[in-house]
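Residue numbers for the sequence shown follow numbering that gives the first Met the number 0, beginning at 0 and rising by one. Structure first, then comments.
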Amino acid sequence: MRNHLPQAPQGTQLAEGIHADEFTGADVPDVLSETFGYKLKRKLLGPPLVNEQMSEQRLSKPLALGVLSSDGISSAAYGTEEMLIELVPIVGVAAFTLILPVTLVILAGVALVVLSYREVVSVYTRAGGSYVVARENFGPRVAQVAAVALLIDYTVTVAVQVAAGSAAIVSAFPQLANTPVIGPYILIVISVIAVAIMCYGNLRGIREAGRAFALPTYLFSVSVGLTIIIGLIREVTVGLPHVTVQAGAYQLGHSTAGLFSFAMIYMLARSFANGGSSLTGIEAVSNAVSALRPPEGRNARQILVTQGSIVAFLIGGISWLSHVTHAIPYEAGYPTVLAQEANAVFGSSAHFMYFVVQAATALILFTGGNTSFSGFPFLASFVAGDSFLPRWLTKRGHRLALSNGIIVLTVVSLILLVATKAQVNGLVPFYAIGVFTGFSIAGFGMARYHKRVKETGWRRRLVINRTAAIYTAIVVVIFAVVKFTEGAWVIVIIFPTLVFLLIRLNREYRMEAEVLENIGDRRAAGIPARQPNYSRRVVLIFVDSVDLATFAAIRYARGLRPTSMRAVHFVIDSAQAETLREDWVRFGQDIPLEMIDTPDRRLLRAAVELVSHEAAQKSTNVTVVLPRRSYSPLLGRLLHDRTADKIAAVVSQVPNSAATIIPFDVPSRVQVLHARHAARAAADGDSAEEAGSVRTKEKSATTAPAAVRQDGNGAQPPAPPAGVTPIGALTAPGKAIVEGRVRSVEIRPVEQNCVFECTVADATGELTAMFYGRTHIPGVEPGARLRLQGKVSVREDGPVMINPAYQLVARESAD
């Protein structure tokens, strides 16, 4: 297929070294060839997956327990340590006694959350968890509170789990902290590498439903469970030693405040709030009920109970071992309390188990963090499908992964890790507010469901869900108060702001949909869509240079078969306007070229004024055709602006008008030119000097009329001087003398001749002067001041003088 380009005289020079017949269809490169970016993406991510490969894999109960419980079970690794961080600096050794009642309150919360979510998965067997519960029972707006809570939860989960996993690695290999340069930042380095690997793996489309993702859950549960059991046996038989406190541990406090004093209650509340992080992840099963084998609801309930039992056993056991061994948290985050307990339990006789526990801890924490890379994009896609988030979050990428959501999650989690120096204690204030808000909404939503439906046993279920909702709501309040100055204030501010933004975005989507669906509503009501009947169709081609891109736009404009068509150039630079007019005449274009003075250089405003003037005429439709030269994405953005897009955006807002951009791919044509020139040089052996002399001869052979210059002073149309008739007073035919500034000039073809047309304006109106048989009048240019004398004809579009006598008025006398 040939690439049909606008016609131009054969062999005519368009630019230095480029001719109008330079390109043929055979020269056009393969536009479907893969770009470098796509080749790189294919190399990194692998071949693309097709939609048919989105087969859903149902999970058995053992596999689902391993895959879906990694987040919840892994929270036990740092829950006890977070409680001790608040107790140890205040009450010292007494912290190892107070840890037990605080843990009991946490375990009560675990039981309540598990029981509450058993009701959720019994009723809502689709994915979505608390978001679906809130949407079904409170409406889509309240559901955005749950959406924001879950999105924050997923985001901070990545940071917390990865930071804790990094601490487990450094606990096993403390020499990493002495690594040159990166030693002080070792937690950040490991965390950033881990998140980058997770991002890359998920962009490749790895599946959490693989057995490899279930293995860390069982390995951690068994190894830590074995540590607890052996620790209890040793405590009963031979006793467990206290851990050795090294430099960097939190200093033991010596508070003597009474147990029921305000300071002690505040300290216990802070410890309880920190320990609440142990409950995070329990709800993960409710977010993936549809991935289970049928019967989904029953299987989900059994998995929740099993997961809750494991979590409760691990939290209780780790807290008890800390009570016995006096394992103390460190300010650097390592060695962890769990690592110290494992070292005390296994000692030197079975020290290899210490490394097994640390490896299992790191694996489950990283795996638990990775669950967010499927949960966050899926939830974001779900919410975007309801038009509360940008719809680009619903698009699947190269490997069928929700790539945009994965990238957003990666960026935000990395920011959190760097900002908090990958310290779990620094991340906890961001953590539990979102998690427990989701718990609370799910509980209140299910309570409302039971009260509305009143199924069998609804009163018992109502009590369970309402109690769990109140408990978790209290945790939210406690966290917001006691952790406010440590970073919770960020969530307190961001949370309602995000909810407002989601609702505002939804309103924007609904307004857009209402406009776009208006035609459909009319058809449904039996009202036929009104077809505009335009008797006059005007096409304006905005031109800034004469080249192949302009010819392509002209060819497209001709195909529209308009009533009237003309080219328009807004004069900003007089030298450019002169060159453009010369080229327009030289190429013999039969389309009128109108030059409009734009002394203030406001292109967008000038374009809107011109289009509005044309479209205001009765039964007139205006189409603006804009040639746009397409360049390489990166370099093109730096070297060229987007003027065509900007003009199209404002012109399209004018009633009865439209803008069409005609793209012209410059890089492909540059490649063609290089290939043609190389082949020509090889075949003819012409030197660069010979080619230059030929081009010089061709250029000198063409003649160009005088230049068009711009006034450039930005002044308004002048008031008519004495003895001159105001243009606005010309309402009847007759002779007159007028004076004003030239607003625009235009060259129009008339049969075998042409006419030079200019618009002259004063403070009262505009007049059109037409000079037949002329293509140029020296000095008559946009911005010049002109006095005309002749016979006036009055037309619908204003007064006209044909071949009048004219006189250029000097600027000094005009002023």
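Beta carbons: idealized from backbone N, C-alpha and C, even for Gly.
Check, Outcome
"Distance check for Val741 and Pro798, CA to CA, integer angstroms please.", "15 Å"
"Do the CB positions of Val567 and Pro781 come within less than 9 Å of each other?", "no"
"Between which two residues does the alpha helix (DSSP H) containing Ser534 stretch?", "That residue, Ser534, is in no alpha helix (DSSP H); it is neither H nor E in DSSP."
"Assign Gly307 to one of two classes, buried (16 or more other C-beta atoms within 10 Å of its C-beta) or exposed (fewer than that).", "buried"
"Under the assumption that Leu412 contacts Val157 (Cβ atoms under 8 Å), give the Cβ distance between them as a whole number of angstroms.", "Looking at the sequence shown, residue 412 is not Leu but Ser. With a Cβ gap of about 4 Å, Ser412 and Val157 count as contacting."
"Runs of 3 residues minimum, wholly inside the stretch 770 to 794: which ones carry the beta strand (DSSP E) assignment?", "784 to 794"
"Assign Val693 to one of two classes, buried (16 or more other C-beta atoms within 10 Å of its C-beta) or exposed (fewer than that).", "Here Val693 scores only 42 on pLDDT, less than 50, and its place in the model is too uncertain to base an answer on."
"Just confirm the distance between the C-beta atoms of Asn164 and Phe365, as a whole number of angstroms; I'd bet it's less than 8 Å.", "Checking the sequence, you will find Gly at residue 164 rather than Asn. Indeed, because the Cβ distance is near 5 Å, the residues count as touching under 8 Å."
"For Asp70, which residues does DSSP report across the bridge?", "None; Asp70 has no bridge partner."
"Considering only the beta carbon of each residue, do Ala846 and Val223 sit closer than 9 Å?", "This structure cannot settle anything about residue 846, because the visible part of the chain is limited to 0 through 814."
"Identify whether Asn802 lies in helix, strand or coil by the three-state DSSP scheme.", "coil"
"Expressed to the nearest angstrom, what Euclidean distance is found between the alpha-carbon atoms of Gly456 and Phe271?", "33 Å"
"Does DSSP put Ile181 in a helix, in a strand, or in coil?", "coil"
"Leaving out the 5 sequence neighbours to the left and right, which residues in its chain are closer than 7 Å to Glu84 when beta-carbon positions are compared?", "Before going on, a small fix: residue 84 reads as Ile here, not Glu. Taken in chain order, the residues that qualify are Tyr249, Asn273, Pro328 and Asn424."
"Given a threshold of 16 other Cβ atoms within 10 Å of its Cβ, counted over all protein chains shown, does His612 qualify as buried or as exposed?", "exposed"
"Short check: CB of Gly739 to CB of Pro719, under 9 Å?", "yes"
"I need the boundaries of the beta strand (DSSP E) containing Pro662, first residue and last residue.", "Ser656 to Asp664"
"Sort Leu497, Glu507, Ile746 and Arg459 by Cα distance to Glu581 and report the nearest one.", "Ile746"
"For Gly108, which of helix, strand or coil comes out of DSSP?", "helix"
"For Glu795, count neighbouring C-beta atoms within 10 Å of its own C-beta (all shown protein chains included) and say buried if the count is 16 or more, exposed if not.", "exposed"
"Starting from the C-beta of Gly691, find all residues in its chain whose C-beta is less than 7 Å away, skip the five residues before and the five after it, and write them out in chain order.", "Bear in mind that a pLDDT of 48 at Gly691, under 50, signals an unreliable position, so the model cannot answer this."
"Identify the continuous beta strand (DSSP E) that holds Ala576 and give its terminal residues.", "Segment Ser573 to Arg585 is the alpha helix (DSSP H) holding Ala576; no beta strand (DSSP E) there."
"With C-beta atoms as the reference, is Ala647 less than 9 Å away from Val610?", "no"
"According to the neighbour-count rule (16 or more other Cβ atoms, all chains shown, within 10 Å of its Cβ), is His449 buried or exposed?", "buried"
"Taking all protein chains shown into account, decide if Gly587 is buried (16 or more other Cβ within 10 angstroms of its Cβ) or exposed.", "exposed"
"Roughly how many angstroms separate the alpha carbons of Met769 and Thr619, rounded to a whole number?", "24 Å"
"Output the distance between the C-alpha atoms of Met564 and Glu756, rounded to the nearest integer angstrom.", "15 Å"
"Run through the DSSP bridge pairs and tell me what His568 is partnered with.", "Met594"
"Report the rounded CA-to-CA distance for Asn286 versus Pro61, giving the unit in angstroms.", "17 Å"
"Between Phe375 and Tyr130, how many whole angstroms is the CB-CB distance? I'm expecting something under 8 Å.", "Actually they are not in contact, since the Cβ atoms of Phe375 and Tyr130 sit about 12 Å apart, beyond 8 Å."
"Select from Ile492, Ala605, Gly437 and Val481 the residue whose C-alpha is nearest the C-alpha of Ala467.", "Gly437"
"Could you give the distance in angstroms between the alpha-carbon of Thr578 and the alpha-carbon of Ile776?", "16 Å"
"Val188 by DSSP, collapsed to three states: which one?", "helix"
"List the endpoints of the continuous alpha helix (DSSP H) containing Ala556.", "Leu547 to Gly558"
"Say whether the stretch 281 to 301 touches the stretch 106 to 124, bearing in mind that this needs 3 or more beta-carbon pairs closer than 8 Å, one atom from each stretch.", "yes"
"Roughly how many whole angstroms lie between the Cα atoms of Pro591 and Ala677?", "38 Å"
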